[in-house]
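Peer 1: Per my numbering, the sequence shown starts with residue 9, numbered consecutively.
A virtual CB, placed ideally from N, CA and C, is assigned to each residue, including glycine.
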Amino acid sequence: RIRRDYASKEVVYLVGEHDDQTDNQHLDCSQAAMLQGHNRVDRCLAYRDHLVDLYGALPVSHAFEVVPGLGHEGPRILRSPAGLRWIFDVSKAAREARRASV
């Protein structure tokens, strides 16, 4: 039931294109974490692939977007054109069009 409910939720994953540092003191570098990917971009994309494996396809209500030109900068990602589109463009047609392009 948890998996079904999660797949039905609208979820957007945004990661900065340059969030690829491997020497950041806040990046988990344990063996388990490194198996998920060497940086946050790799881990985000690996999670997307995991969801595809789990559900057979990415749930239609989930979207991943790599935000160009930014690193691990949450506030700037949310204020980026991509972040603002996902936050404020709430029309269903626009959301579906963005998902198709991601």
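1) Let me know if Ile95 comes out buried or exposed under the rule of 16 or more other beta-carbons within 10 Å of its beta-carbon.
2) Return helix, strand or coil for Leu78, following the three-state DSSP convention.
3) In whole angstroms, what is the alpha-carbon distance linking His46 and Leu62?
4) Arg87: buried (16+ other C-beta within 10 angstroms of its C-beta) or exposed?
5) Thinking C-beta only, is Val75 closer than 7 Å to Cys52?
Peer 2: In brief:
1) exposed
2) coil
3) 22 Å
4) exposed
5) no
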